[in-house]
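Visitor: Mind having a look at this structure? Questions to follow.
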Amino acid sequence: MVTNIGVIGCGNISSAYIKHSKQYENLFFKAFADLDSERAQAKAEEYGQGAVACTVEELLADPEITIVLNITIPNAHYSVAKAALMAGKSVYNEKPLTISKSEGKELLELAREKGLRVGGAPDTFLGAGIQTCRKIIEDGLIGFPVGATAFMMGHGHESWHPDPEFYYQVGGGPMFDMGPYYLTALVNLLGPINSVSGSTRISFPERTITSEKKFGKKVPVEVPTHVVGLLNFDNGAIGTIITSFDVWAHHMPCIEIYGSKGSLVVPDPNTFEGEVLLWTEEAREWQAIPLLEDRKFTGRSLGLADMAYAIENQREHRANGKLTYHVLEIMHAIHESAILDKTIALAPVMSGKPTPLFRDADLAK
Ligand SMILES: NC(=O)c1ccc[n+]([C@@H]2O[C@H](COP(=O)([O-])OP(=O)(O)OC[C@H]3O[C@@H](n4cnc5c(N)ncnc54)[C@H](O)[C@@H]3O)[C@@H](O)[C@H]2O)c1
Numbered sequence: 016m017v018t019n020i021g022v023i024g025c026g027n028i029s030s031a032y033i034k035h036s037k038q039y040e041n042l043f044f045k046a047f048a049d050l051d052s053e054r055a056q057a058k059a060e061e062y063g064q065g066a067v068a069c070t071v072e073e074l075l076a077d078p079e080i081t082i083v084l085n086i087t088i089p090n091a092h093y094s095v096a097k098a099a100l101m102a103g104k105s106v107y108n109e110k111p112l113t114i115s116k117s118e119g120k121e122l123l124e125l126a127r128e129k130g131l132r133v134g135g136a137p138d139t140f141l142g143a144g145i146q147t148c149r150k151i152i153e154d155g156l157i158g159f160p161v162g163a164t165a166f167m168m169g170h171g172h173e174s175w176h177p178d179p180e181f182y183y184q185v186g187g188g189p190m191f192d193m194g195p196y197y198l199t200a201l202v203n204l205l206g207p208i209n210s211v212s213g214s215t216r217i218s219f220p221e222r223t224i225t226s227e228k229k230f231g232k233k234v235p236v237e238v239p240t241h242v243v244g245l246l247n248f249d250n251g252a253i254g255t256i257i258t259s260f261d262v263w264a265h266h267m268p269c270i271e272i273y274g275s276k277g278s279l280v281v282p283d284p285n286t287f288e289g290e291v292l293l294w295t296e297e298a299r300e301w302q303a304i305p306l307l308e309d310r311k312f313t314g315r316s317l318g319l320a321d322m323a324y325a326i327e328n329q330r331e332h333r334a335n336g337k338l339t340y341h342v343l344e345i346m347h348a349i350h351e352s353a354i355l356d357k358t359i360a361l362a363p364v365m366s367g368k369p370t371p372l373f374r375d376a377d378l379a380k
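All letters in the sequence shown, in the order written, are residues 16 to 380 by the working numbering.
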């Protein structure tokens, strides 16, 4: 069955969804809406296949649309998602789920009341790279997990993004921008996190846009841009994460997992594939591990296709609200811990286990 999708938000990331959605026979992007009608028109044309441009209100009133793909800016994620749920549509949000925890919780509760789905990005954890790592851990090749490190450090997005202001406003910052990839991967690999502590700073109170359209425009920085967290997993593993827009260069890997019998290098969680390296007590050297072979689906829209199949087959979707909310809660707790100078306990929203290993063949079931 083909599920009609209504796309709200036709900016930078929409082309990635348009391109990769075409891998899935169960997805049709029926309508595109944006506050900027020209953008909506351009994206409807880019998608082709009879897709239309319309207003948000028209899109939400279309009874044939089952899922709203909400790829607006973070500040609009909640209001657009709520309007979609109120209109009887399930919602797949870009990350982060919402800005505040109360908004996130409200969406989850509203979806539950109405029998609708909520969830969203990132879906990179469903890619062959992180799923291969998941299998290595599940097969016991690194023994029991002891710890993990995650590093996402750079100097922000104002050199390339045409409208980078939102990255420095409430809801932005490196943790809310990139943390979802890293934390979703870690939670998928090691299970839920029960408490965190953190330290944060703003190293540069003002940024200057150097991308073409707004070259020279000054942007005040409202949120921490160097964010360090300590993560206590339910399974006893201890993780460290640094997300930063204040670092020019570094040599750290994206994610590593350390176990009682070996170590694992996880590919960049902002990608669907990448190199997996394993070091074991027996081999005593790094070995490149081939990615799972029965995996071809890649790119943004995988989680959306899974949500559409899940609705059809009445099963839970993988990039689900509990997971996206857990990640939102972790990101907030890291910031809260920095302000309150104490460890923050997290509510047990997720069950104790990560989402089961995922293969392409599982998608349509
Ligand atoms: N740009 C990237 O590389 C990237 C990568 C991954 C995820 N994301 C996420 O995707 C989302 C969008 O990012 P982007 O880079 O495409 O942003 P963008 O600013 O390029 O585009 C956002 C679009 O949403 C529209 N919009 C805002 N509020 C709206 C509303 N209430 N109703 C309808 N339309 C509205 C804007 O007019 C704009 O066209 C963000 O949540 C971001 O975190 C972006």
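Backbone N, C-alpha and C fix where the C-beta goes; we use that ideal spot for every residue, glycine too.
Since this is a predicted model, take the numbers as computed values, not measurements.
Going along the chain, which unbroken runs of the beta strand (DSSP E) with 3 or more residues stay wholly within the segment 146-177?
Guide: The qualifying runs are 160-168.
Visitor: Buried or exposed, going by whether 16 or more other CB atoms sit within 10 Å of the CB of T370?
Guide: It counts as buried.
Visitor: For G244 and I354, I'd like the C-alpha separation in whole angstroms.
Guide: Between G244 and I354, the C-alpha separation is close to 13 Å.
Visitor: Spell out the partners DSSP gives G9 in its beta bridges.
Guide: There is simply no residue 9 to check, as the chain begins at 16 and stops at 380 in what is shown.
Visitor: So which of Y32, C269, L306 and G187 has the shortest CA-CA distance to Y62?
Guide: Selected option, being the one with the closest Cα: Y32.
Visitor: Taking a contact to mean a Cβ-Cβ separation below 7 Å, would you say G20 touches L50 in this structure?
Guide: Reading the sequence as shown, one finds Ile at residue 20 and not Gly. The answer is no: Cβ separation not under 7 Å.
Visitor: Relative to the alpha-carbon of G188, which residue among S30, S29, P235 and G65 has its alpha-carbon at the smallest distance?
Guide: Selected option, being the one with the closest Cα: P235.
Visitor: Ligand 1 and G251: does any heavy atom of the ligand fall closer than 6 Å to the residue's C-beta?
Guide: For ligand 1, not one heavy atom lies less than 6 Å from the Cβ of G251.
Visitor: Does ligand 1 have a heavy atom nearer than 6 Å to the CB of N27?
Guide: Yes.
Visitor: Do I114 and G24 come within 7 Å of each other at the CB atom, strictly closer than that value?
Guide: No, Cβ-Cβ distance for G24 and I114 is not below 7 Å.
Visitor: Relative to the C-alpha of L319, which candidate in P89, T295 and E331 has its C-alpha closest?
Guide: With distances taken between Cα atoms, L319 lies closest to E331.
Visitor: Taking the C-alpha atoms as reference points, what is the distance between F260 and N285?
Guide: Each residue's alpha carbon lies about 16 Å from the other.
Visitor: Would the beta-carbon of R222 be found less than 6 Å away from any heavy atom of ligand 1?
Guide: No, the beta carbon of R222 sits no closer than 6 Å to any heavy atom of ligand 1.
Visitor: Closer than 6 Å by C-beta to T164: which residues in its own chain qualify, once you throw out the five before and the five after it? Chain order, please.
Guide: Here the set comprises T255 and E271.
Visitor: Closer than 6 Å to a non-hydrogen atom of ligand 1 - does that hold for the CB of L50?
Guide: Indeed, a heavy atom of ligand 1 lies less than 6 Å from the Cβ.
Visitor: Would you kindly work out how many angstroms separate the C-alpha atoms of P239 and M168, rounded to a whole number?
Guide: Those two C-alpha atoms are separated by around 13 Å.
Visitor: Quick check: does the Cβ of G24 come within less than 6 Å of any heavy atom belonging to ligand 1?
Guide: Correct: G24 has its Cβ closer than 6 Å to ligand 1.
Visitor: Would you check if the segment 222-230 and the segment 176-186 touch, i.e. whether three or more CB-CB distances between them fall below 8 Å?
Guide: A contact exists between the segment 176-186 and the segment 222-230.
Visitor: Measuring only from the beta carbon, is T258 closer than 6 Å to any heavy atom that is part of ligand 1?
Guide: Flag unset: Cβ of T258 not near ligand 1.
Visitor: DSSP has A252 in a bridge; who is on the other side?
Guide: DSSP output for A252 lists no bridge partner at all.
Visitor: Could you tell me the boundaries of the alpha helix (DSSP H) in which N90 lies?
Guide: P89 to M101 is the extent of the alpha helix (DSSP H) around N90.
Visitor: Would you tell me roughly how many angstroms separate the C-alpha atoms of T147 and K380, rounded to the nearest one?
Guide: T147 and K380: Cα-Cα distance of roughly 21 Å.
Visitor: Is G65 buried or exposed, if buried means 16 or more other CB atoms sit within 10 Å of its CB?
Guide: Under this definition G65 is an exposed residue.
Visitor: Q56 and F312: beta carbons closer than 7 Å?
Guide: No, the pair does not count as a contact, with Cβ atoms beyond the cut-off.
Visitor: What are the start and end residues of the beta strand (DSSP E) that includes S15?
Guide: Since the first residue shown for the chain is 16 and the last is 380, residue 15 is missing from the structure and cannot be characterised.
Visitor: Could you give the distance in angstroms between the alpha-carbon of R149 and the alpha-carbon of K232?
Guide: Near 44 Å, if we compare the C-alpha coordinates of K232 and R149.
Visitor: With three or more C-beta pairs closer than 8 Å as the rule, is the segment 86-99 touching the segment 303-310?
Guide: No, because fewer than three Cβ pairs between the segment 303-310 and the segment 86-99 fall closer than 8 Å, the two stretches do not touch.
Visitor: Please look up how many angstroms separate the CB atoms of H35 and S316, rounded, as I've assumed it's under 8 Å.
Guide: H35 to S316, Cβ: 4 Å. Contact.
Visitor: Expressed to the nearest angstrom, what Euclidean distance is found between the alpha-carbon atoms of N108 and A96?
Guide: Those two C-alpha atoms are separated by around 7 Å.
Visitor: Sorted by chain position, which residues of the same chain lie with C-beta nearer than 7 Å to I349's C-beta, five sequence neighbours on each side aside?
Guide: Closer than 7 Å at Cβ, skipping near neighbours: M190, V211, G213, V242 and G244.
Visitor: Please give me, in chain order, every unbroken run of the beta strand (DSSP E) with length at least 3 that falls completely inside the segment 257-290.
Guide: Complete beta strand (DSSP E) runs here, min 3: 270-274 and 277-281.
Visitor: What did DSSP end up calling L292 once you bin it into helix, strand or coil?
Guide: Strand, per DSSP.
Visitor: Use the C-beta contact count for W294: other C-beta atoms within 10 angstroms, 16 or more gives buried, fewer gives exposed.
Guide: W294 comes out buried.
Visitor: From V106 to L100, what distance separates their C-alpha atoms?
Guide: Taking the straight line from one Cα to the other gives about 7 Å.
Visitor: Since I believe I208 is in contact with L246 (beta carbons under 8 Å), could you give me their beta-carbon distance rounded to a whole number of angstroms?
Guide: L246 to I208, Cβ: 5 Å. Contact.
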